[in-house]
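Number of protein chains: 2
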Amino acid sequence: MQVKNNLDNNSLMVNESLLSTSNGYFGVRGNFEEGYRNDYDTIRGTYINGFYETTDITYGEGAFGYPNTSQKIVNVIDGQTIKIYIDGELFNLFDGKVIDFKRKLDIEKGYSLRYIEWISKKGHHLKITIKRLASFTTLELFIIDYEVESVNYSGEIQIESTLNADVKNYSNKSDQRVASGHTKLLHVDKIDKNHGIATISSKTKISNLTIASSMNHNLNMEYTVKENSIIGMVKKNIKASEKISLIKYISFTDSIRHDDCFKESKNVVNVAMKNGEKYYFKDQEEYLNEFWKYSKINIDGEIEEEKAINYNIYQLLSSIGKVKNTNISAKGLSGEGYEGHYFWDTEIYMVPFFTLTNPQLAKRLLKFRYETLESAKIEAEKLGHKKGVKIPWRTISGSECSAYFLSGSAQYHINADVAYSYIQYYLATNDTEFLKEFGLEVLYKTALLWLDVGYFNNEGKFSIDAVTGPDEYTVMVNNNYYTNSLAKYHLKWVCKLSSILEKENISDWNRLKSKIAINENELTNMKNASEKMILLYSDELKINLQDDAFLKRKEWDLENTSEENYPLLLHYHPLYIYRYKVSKQADTILAHFLLDNETDIIMKNSYSYYEKITTHDSSLSPCIFSIMASRIKKIDKAYHYYKMTSKLDIENIKGNTKDGLHIANAGGVYMTIVYGFSGLRIKENGIHLSPIKPKEWTSYTFRINYKNSLVKVTISDKINIETEKEISLIIDKTKYLISGKRSLNYNNF
Amino acid sequence: MQVKNNLDNNSLMVNESLLSTSNGYFGVRGNFEEGYRNDYDTIRGTYINGFYETTDITYGEGAFGYPNTSQKIVNVIDGQTIKIYIDGELFNLFDGKVIDFKRKLDIEKGYSLRYIEWISKKGHHLKITIKRLASFTTLELFIIDYEVESVNYSGEIQIESTLNADVKNYSNKSDQRVASGHTKLLHVDKIDKNHGIATISSKTKISNLTIASSMNHNLNMEYTVKENSIIGMVKKNIKASEKISLIKYISFTDSIRHDDCFKESKNVVNVAMKNGEKYYFKDQEEYLNEFWKYSKINIDGEIEEEKAINYNIYQLLSSIGKVKNTNISAKGLSGEGYEGHYFWDTEIYMVPFFTLTNPQLAKRLLKFRYETLESAKIEAEKLGHKKGVKIPWRTISGSECSAYFLSGSAQYHINADVAYSYIQYYLATNDTEFLKEFGLEVLYKTALLWLDVGYFNNEGKFSIDAVTGPDEYTVMVNNNYYTNSLAKYHLKWVCKLSSILEKENISDWNRLKSKIAINENELTNMKNASEKMILLYSDELKINLQDDAFLKRKEWDLENTSEENYPLLLHYHPLYIYRYKVSKQADTILAHFLLDNETDIIMKNSYSYYEKITTHDSSLSPCIFSIMASRIKKIDKAYHYYKMTSKLDIENIKGNTKDGLHIANAGGVYMTIVYGFSGLRIKENGIHLSPIKPKEWTSYTFRINYKNSLVKVTISDKINIETEKEISLIIDKTKYLISGKRSLNYNNF
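Which chain is which? The protein sequence lines are A and B, in order. Plus 67 on top of the position in the first sequence (first one is 1) and you've got our numbering. Plus 67 on top of the position in the second sequence (first one is 1) and you've got our numbering.
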């Protein structure tokens with residue numbers, strides 16, 4: 068992926084996100100090693116997944132049960148800085164003359180590249196090539212391969228390389244969303260430059276976490292401690308046509324995952340120095356070969372789209388936490404937006420990709436909710452519940468960090484979203500071991516909450532009141548269709564899986580029952596609640612209703628709402644928005660996609676109805692509209708909404724890519740192809756397909772890992788399948804058993 | 068009113084509120100002149116009505132249109148301190164021996180009294196009598212009459228009297244509601260002790276207001292400036308059986324209402340010194356004679372209740388602002404609770420007393436909303452409205468100060484509450500001049516908002532969605548019965564009054580129309596909206612429904628909710644409470660009281676229904692339940708709820724009287740008698756009565772000022788009326804024209 072390459076401040080900040088190098092454990096934004104011009108703004112950032120500081124929440128008017136603290140991802144020690152001086156002049160893109168300048172992210176080889184051909188004011192001509200690698204195989208390791216080639220200069224070149232712990236989180240006085248305090252989160256604990264390796268550790272004050280970072284170089288450098296940083300310096304002579312190559316090894320180790328992070332940080336760099344950089348670049352490529360084997364999407368007909376799609380997929384891999392207590396934050400590790408919090412985005416928008424291509428990584432995401440069950444129990448109690456757990460709406464460590472309950476804690480659907488992702492994982496993998504060890508406990512305890520939130524009304528129907536669905540433009544509603552239908556599914560599957568496990572091995576089941584404290588009466592209650600769940604439907608419109616008051620609300624004249632008034636939430640009081648029949652994002656139709664639980668005609672009508680009143684002010688929306696347009700065979704619409712997703716960050720469509728990439732949308736891009744165009748669903752009886760194909764493409768191909776079998780699907784004018792093991796495939800209700808390669812005619816496009 | 072007189076910290080703090088001396092312009096809490104013991108907590112406070120500092124509001128998660136600033140009543144310069152030293156010992160109640168100790172508020176003479184008989188550790192025996200007067204006739208003047216009588220001591224007595232500007236607002240670290248910052252709000256500007264008078268002025272930083280205060284004494288004192296205070300000192304010789312009398316004159320003048328407040332502050336004290344204290348004590352008594360002529364309530368049968376009722380009435384007089392830009396804050400001038408803000412309490416709970424007894428003062432309250440229309444216009448715009456004004460939920464200067472819109476800005480009913488109070492004023496006074504000058508503009512502009520908030524739904528009914536009614540335990544509901552029924556009344560009366568004024572004088576009307584910019588189409592819309600207003604009714608229960616989802620909500624098991632879990636809002640997350648069919652306070656039945664718009668059977672059923680689910684966690688609730696119990700002739704219930712109101716502060720029933728008196732409840736006490744027991748309503752065709760009488764009372768008497776006629780009503784086994792002018796009286800639908808005295812038999816108790 069090559070990016071647009073302007074040197075204006077805004078483009079540079081967007082590229083900091085787009086060209087960040089992350090491996091899921093840490094992420095480094097794509098800042099220039101030498102920095103920008105002084106008058107430029109920059110978010111010079113390095114983040115560790117799950118590494119946070121605790122911050123206070125203050126309320127104008129607080130109330131019982133509100134969270135008093137939040138968490139914020141910390142901008143940790145900065146290892147990016149490298150400065151070179153030629154004949155006394157600092158190399159930088161804002162002085163002298165830039166002859167050539169390219170930047171790209173190589174998603175096959177797993178590094179970012181910056182190439183500059185440059186003539187200094189004094190006329191010295193250089194070619195500089197910088198590669199950055201965040202190792203997928205040694206998660207603590209960051210490498211900068213910095214090569215200087217002299218075209219016409221002979222003389223001394225001075226190289227300075229810094230490890231800087233004098234760091235702050237980003238704030239911007241002119242933007243009130245990031246203007247607030249909470250910027251200086253790290254405080255230097257130890258600095259050490261003995262034995263030719265530079266190491267600093269820093270601590271957070273309240274969460275009491277430590278991050279350590281070491282650096283060393285292939286060139287012999289002299290290290291000097293200067294306040295809170297260590298600067299390495301070396302002078303070399305260079306001649307015309309000669310190259311000098313600096314390899315900078317930087318490690319990041321944190322106290323959550325490392326016993327003695329200071330020592331381990333040194334160790335990572337020492338080992339890396341011994342192995343040399345080529346070892347890691349090769350490893351990286353091999354790791355990615357294996358990754359792409361299951362993950363690559365090919366588009367025949369629009370090469371730019373293929374690039375964009377796989378760029379987004381690569382960002383999913385770069386964002387996913389691979390060690391304990393990590394997940395995927397809304398912006399991955401590419402920025403500080405949403406303070407590094409994890410949301411339902413994970414389960415509904417990101418897990419699907421991993422479940423279908425890389426179940427091992429999917430398990431990591433799923434386990435996070437298991438690891439944080441204790442906090443979820445506390446949150447349920449704060450919300451007044453006598454049983455069950457409540458998954459926090461936004462969190463890093465597991466405790467609720469939402470300071471606005473109407474579109475935070477009130478989104479109870481997150482309990483069912485988490486459950487949904489466990490169930491989908493089970494369907495794609497058949498992994499009952501995981502169920503027994505982790506899954507069922509999460510499923511059961513999250514399901515218990517429904518019994519306490521909802522109730523059987525006078526007519527014996529199960530009602531869930533005063534919750535907020537995915538659409539944040541109507542809040543605290545009764546019987547939100549999305550929530551109820553997912554809760555119904557959730558409750559049904561807890562019963563179903565219990566019975567599967569019981570049948571599998573009764574004594575195992577009894578042990579499990581007692582471990583989780585599963586109560587038979589509660590299972591019966593769950594069954595009843597699921598069966599009696601209210602799913603709102605309008606006889607008149609033949610659509611499912613978003614909530615019990617939705618139809619009655621005032622109409623918002625979207626056609627005559629001017630462009631600059633979007634997103635509505637930045638231009639209208641919430642109370643005003645809540646009064647209208649207007650949706651921020653897919654809600655009912657998201658349920659239709661996930662559950663495939665209504666007739667075609669209802670889904671079609673619902674799609675048309677909600678499309679008219681949805682602003683897509685959330686980046687979580689267009690991908691779902693694309694998928695459901697595919698589902699109801701509106702190919703042009705499907706392609707239209709797909710187009711809104713694939714380049715959402717690449718073209719900075721939301722205007723805030725500088726704060727980090729929209730990783731849920733990245734997952735959405737994948738889903739528009741696989742769930743959308745191809746119509747894939749994993750159900751109990753096998754893989755379902757019901758493809759369409761955009762007329763712009765001659766064919767498209769994706770792979771999945773289905774029950775340990777690599778399955779390759781190509782949709783052209785036919786459906787071509789390649790599978791390692793025999794699979795059951797249902798195409799528009801016709802069932803096939805397929806082994807090896809098979810080409811099927813298909814006339815239903 | 069004599070009060071309980073313990074020297075424990077809690078009782079003292081409660082008495083600070085109960086024995087505060089206020090005149091509506093300023094209020095001084097009933098602190099001891101000499102202070103308490105060092106380990107005691109105290110809210111030593113003096114407040115000026117409408118004198119505030121602007122404070123920041125911070126939100127955990129803000130949104131468009133939220134207020135960024137609030138306002139807070141300022142604890143101003145303290146003039147209370149007087150210390151006397153006998154033989155080197157400071158007189159105080161925590162050393163030596165207290166022989167006798169009484170405190171009371173004399174509501175006929177208008178001062179508070181503290182009497183102590185005390186023997187010092189050294190055995191010196193004194194009698195001390197302290198009277199405090201906040202003058203109703205010279206609003207800026209506060210007098211302390213401090214008399215020391217020696218029983219057995221002969222020797223020197225040293226008197227110190229202080230004017231202290233080193234003041235802060237109250238905070239208490241163990242109570243998070245008052246723990247926050249915003250305590251040091253005043254900064255000394257000028258100090259002057261020339262010409263034998265002590266004067267200090269202080270400023271607020273952000274609202275940029277100045278308060279000046281002067282003091283002087285009948286005794287010649289030497290004044291010393293010490294940091295931010297001026298201390299007067301004098302030594303006198305006293306003999307056994309002799310008295311020394313210190314008269315301390317203190318003035319308060321603020322820059323909102325005074326051109327040169329520093330100078331005017333001196334002036335007030337200089338004039339007072341010339342007149343002498345007796346002049347003001349006499350004036351005070353005369354002022355109160357006139358006041359009680361219209362306001363006194365007599366109870367034959369329970370003298371303590373008579374005292375309690377008239378104590379509450381006196382607090383209404385003490386709290387009401389009598390100059391421009393003032394109103395009545397929720398706690399009057401007796402404490403800092405609710406930060407000195409004005410709420411709907413004024414119009415619905417306090418205006419009625421003034422309208423019925425003192426229309427001149429009622430006009431002051433009504434005019435406040437006129438004076439702040441510009442801010443109300445801005446607030447409407449922030450809430451997204453293209454027309455109309457939105458009365459702020461809580462304010463001092465007129466701008467919205469609510470930091471929690473769900474039970475703040477969302478309470479749109481305040482627009483109709485204000486309108487209601489104007490209409491009631493008109494009915495009781497026939498004052499069309501006031502309507503033309505102020506009233507109609509407020510009525511029309513507040514009514515316009517309904518047309519923008521509500522809408523005609525598909526069935527042509529007028530619907531008002533996403534607002535909060537008086538009951539703050541269900542928020543942001545659709546078609547709240549209270550809101551809709553008051554809006555209906557509001558809209559109807561705008562049309563009606565327009566037509567009355569048009570008929571009265573067409574050219575005046577045209578001038579007025581153009582001044583207010585009244586649009587004929589909007590009047591037609593108002594008429595339609597009023598006629599088509601949705602008023603929810605359950606055929607099954609034969610009650611009015613609080614909102615369109617109310618009946619469907621979960622039941623809260625109030626019977627098994629333990630005492631310590633009340634008020635619910637301090638023990639449950641709001642979201643939990645909102646999910647239940649539980650009311651904080653009277654809502655639907657408040658509308659029934661105000662509008663008398665439903666059949667007896669509906670009102671009866673509604674009363675029974677809502678009584679079961681109401682917690683009365685708001686002090687605004689029991690009085691309304693008492694009134695409606697009277698309305699449906701449940702005498703025992705009426706008396707039961709009346710009892711919850713009359714001593715609510717006197718017996719500190721809510722536990723927070725230390726933070727100030729519940730002035731809306733004080734208005735409620737009056738209403739339980741006049742609207743409740745006697746069943747009085749002022750309608751277009753005259754005064755309606757439908758009395759009941761508690762069996763504990765042999766008779767009760769009240770007076771009103773009806774169209775400039777003093778009308779005295781006594782309910783015993785008969786109805787006795789005395790009126791200055793002929794009035795039209797309707798008793799249970801039978802109409803009488805009454806002049807002079809008349810005794811009517813009545814068998815319907």
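Think of the CB as a built atom: it goes at the ideal place given N, C-alpha and C, for glycine as much as any other residue. Predicted, not measured: the structure shown is a model, and the values here were computed from it.
- Pairing T148 (chain A) with I258 (chain A), the inter-Cα distance amounts to about 18 Å.
- One alpha carbon belongs to G506 (chain B), the other to T125 (chain B), and they sit about 36 Å apart.
- K503 (chain B) sits buried, since 16 or more C-beta atoms from the chains shown fall within 10 Å of its C-beta.
- By the C-beta criterion, the region 627–634 of chain B is judged not to be in contact with the region 537–549 of chain A, since fewer than 3 inter-stretch pairs fall below 8 Å.
- In terms of beta-carbon proximity, S757 (chain A) stays away from the interface with chain B, with every pair separated by 8 Å or more.
- Looking at B:I740, B:R809, B:K808, the one whose alpha-carbon comes closest to that of I364 (chain B) is B:I740.
- With a threshold of 8 Å between beta carbons, G407 (chain A) makes no contact with chain B.
- Contact of H638 (chain A) with chain B is assigned, a C-beta pair being separated by under 8 Å.
- Rounded to the nearest whole angstrom, the C-alpha separation of Y742 (chain B) and N546 (chain B) is 27 Å.
- In this structure I278 (chain B) is not in contact with F131 (chain B), their Cβ atoms being roughly 35 Å apart against a cut-off of 8 Å.
- Here W185 (chain B) carries a strand assignment [DSSP, helix/strand/coil].
- The DSSP-derived three-state label of Q138 (chain A) is strand.
- In this structure, DSSP gives G117 (chain A) a state outside helix and strand, which the three-state scheme calls coil.
- One Cα belongs to L796 (chain B), the other to P426 (chain B), and the distance between them is close to 20 Å.
- One Cα belongs to S362 (chain A), the other to Y549 (chain B), and the distance between them is close to 59 Å.
- Chain B has a Cβ within less than 8 Å of the Cβ of K619 (chain A).
- Counting other Cβ atoms within 10 Å of its Cβ, R578 (chain B) stays below 16 and is therefore classed as exposed.
- Chain B places a beta carbon closer than 8 Å to that of F472 (chain A), counting this residue as a contact.
- In chain order, A616, K619, R620, K621, R646 make up the part of chain B whose C-beta sits under 8 Å from the C-beta of D532 (chain A).
- In chain order, L590, M593, K594, S597 place their CB closer than 8 Å to the CB of C562 (chain A), counting only its own chain and leaving out the 5 sequence neighbours on each side.
- Per DSSP, reduced to three states, the secondary structure at H683 (chain B) is coil, with no helix or strand assignment.
- For E793 (chain A), the enclosing beta strand (DSSP E) covers residues 785–798.
- Residue range 426–438 is occupied by the alpha helix (DSSP H) that includes R431 (chain A).
- In the three-state scheme derived from DSSP, where H, G and I count as helix and E and B as strand, F692 (chain A) is classed as helix.
- Restricted to the region 158–231 of chain A, the beta strand (DSSP E) segments that are unbroken, complete and at least 3 residues in length are 164–173, 178–186, 192–201, 208–217, 222–231, listed in chain order.
- For K594 (chain A), there is no enclosing beta strand (DSSP E); the residue is part of the alpha helix (DSSP H) that begins and ends at 587–598.
- The alpha carbon of K774 (chain B) has as its nearest neighbour, out of B:D784, B:I788, B:I749, the alpha carbon of B:I749.
- Excluding residues up to 5 positions away in sequence, L602, A658, L662, N664 lie with their Cβ nearer than 7 Å to the Cβ of S552 (chain B) in the same chain.
- In the DSSP assignment, H254 (chain B) falls within the beta strand (DSSP E) that extends over 254–259.
- Non-local C-beta neighbours of Y107 (chain A) in its own chain, meaning closer than 6 Å and more than five positions away in sequence, comprise N76, ordered along the chain.
- Put simply, the backbone Cα of A232 (chain A) is about 37 Å away from that of L636 (chain A).
- Straight-line spacing of the CA atoms in H638 (chain A) and K449 (chain B) works out to 10 Å.
- Within its own chain, the residues whose Cβ lies closer than 7 Å to the Cβ of I458 (chain A), once the five positions on either side in sequence are excluded, are R436, A443, I481, N482, V485, T513, listed in chain order.
- Here the region 697–708 of chain A lies against the region 755–770 of chain A, with 3 or more beta-carbon pairs under 8 Å apart.
- Between F421 (chain A) and I463 (chain A), the gap from beta carbon to beta carbon reaches 8 Å or more.
- In this structure, DSSP gives N551 (chain B) a helical state, which the three-state scheme calls helix.
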